Structures are given as structure tokens and as C-alpha cells.
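To start, the structure under review is shown below, and the notes come after it.
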Amino acid sequence: DGFGFVEPIKIRGRVPDIIALKHGKVYVIEVKGSRGNVMKGFTQAMHYSHCANYSYLALPTSLIDDGIRTSCKRMGVGLIGINKKGIVEHSRPDYKHAMKSVLRSMISKSTSLKPEDIVTIPKKRELSEKKDSHFLEDVLDRYGLKILRKLCDNRDKDFTITELSNEIGHDKSIVSRTILILIEKNLIKYKRRGTNKMCVINTENSLVKDVLIPLFEKENQIMNGEIPENTINMVSGYA
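Counting along the sequence shown from 1, when you hit position 50 you're at 48 in the working numbering, and nothing is skipped either side.
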């Protein structure tokens, strides 16, 4: 109730599935179907959470478990479940300041949002929020995701950089640079095997333990057909 839906706009180069206004606040929803890429949906919702006031990830109820709930809550993303009976809000998102560019775009699309609704954020705080917004984008690019998935799926193993390069099919120099970022963020760590420096996932890191591992495990279940196909059809194009 009270939501006004507007035409899609680009938010830092990406177009959300659903964008709406309520009491001058910007709500964004990223929707994934029963065969959708859950990790991609989660990272998109994370991306929007630093651009809009509230960001949600919407999934079929059949895909939602404690791991997904914990992941979303840990990162301040709201979670919505969808099934034949309707829509259920499993968790509410953290409030964030919407980017001025997003608010200005919304003003051009809506009659309910006025220029005076733009809240000025102290410069130091704005820079801090921008830095935070780039965190997962720096770490979870296509190379970082492949490395993290390989290490999360093989938590009892360790890999040399050459082995990881061969496993994920990317140039060794690219993998080396990405690993340095992942180590800096404390997501993976080195261990020694003889004279070799080995890479292992850091299972003590809360982001790895509470977010990445549950999401990767959920995607593996979907890909392996361990989760029955959802009984509803999601809106075309949102998978």
C-alpha cells in the first residue's frame, strides 16, 4: 500500500527489475526465478542497497532457507518470498541513503518526489558509503566469483595459483591479481605445502561463512536438481 511504481531507470549502469517510491523513499527489488542465478541476484541487490534507500532480493519460497535469510540479513538486504499464495517479507532491509543521481532520475519519472526530498549527506559520510558500495563489486567480479566458488566448494583442499588458473580457465596473471585482492579482504589465505604457496578459503571470515558458502551451496542444489522446480512461473525476463 502507498507504493508508486515508476519506469525503470539505470542505477550505476544497471536497470533494476522493480523500482518504486513510498513516502519519498526509493525501493528497489531484484527478482530471480526458480532457475535464476541466486548469487548474481544477491550481488545485484547488494549493489542497489548502496544506491537506493531500501533494496530487496525476491526469490521463490522454495529457494529460501536459513542460509539465504542469514546472508541477506548479514548484508542489509531485504528478502521477499513468492509463491502461489502470494508474497511474504522474510526480512526487512537496512536503511541506506539514496544516491543523489538516483533521486534526481526518480524526480524526472515521478510526480510524488520533489527536489526538496533530496537529502544532503555529509561529504565524509558520502565517500565512506561509496567505498563500501564498491566492496563486493571489487571482490565478486567474474574472476573473484569463480575463485571463491572453487575454494568454497572445495574447502578441504588447497590450490596453487597455477592450479586455480587451470580450474577456472583464466590467465594466471589475472588470477594472481584477483587473489591479492581476496587476500587483502581476508576472504582467502595462503598456506605452505613444501615450497609451494597454496590458496585456501578463509572459513573463519563471517562473509565467507554466513554469506558466500550458503549462497554457493544453494546454487549447487539448484544446478544439481536437488530442489524441485518451483510451482509458479516468475515474470518473464526476471530469471
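For every residue, glycine included, the Cβ atom is placed at its ideal position computed from N, Cα and C. Since the structure is predicted, the reported quantities are computational estimates derived from the model, not experimental observations.
Assigned secondary structure, residue i (DSSP; H/G/I helix, E/B strand, else coil)
i: residue 87; result: strand
i: residue 205; result: helix
i: residue 190; result: strand
i: residue 224; result: coil
i: residue 102; result: helix
i: residue 58; result: strand
i: residue 250; result: In the structure as shown, the chain starts at -1 and stops at 237, and residue 250 therefore has no counterpart that could be examined.
i: residue 52; result: strand
i: residue 153; result: coil
Rounded C-alpha distance that separates residue i from residue j
i: residue 89; j: residue 170; result: 41 Å
i: residue 46; j: residue 192; result: 44 Å
i: residue 24; j: residue 155; result: 44 Å
i: residue 165; j: residue 41; result: 23 Å
i: residue 141; j: residue 83; result: 39 Å
i: residue 8; j: residue 64; result: 32 Å
i: residue 184; j: residue 203; result: 7 Å
i: residue 199; j: residue 211; result: 10 Å
i: residue 53; j: residue 36; result: 15 Å
With 16 other Cβ atoms within 10 Å as the buried cut-off, status of residue i
i: residue 77; result: buried
i: residue 176; result: buried
i: residue 201; result: exposed
i: residue 99; result: exposed
i: residue 17; result: buried
i: residue 21; result: exposed
i: residue 216; result: buried
i: residue 188; result: exposed
Sub-7 Å separation of residue i and residue j beta-carbons
i: residue 14; j: residue 29; result: no
i: residue 96; j: residue 43; result: no
i: residue 75; j: residue 91; result: yes
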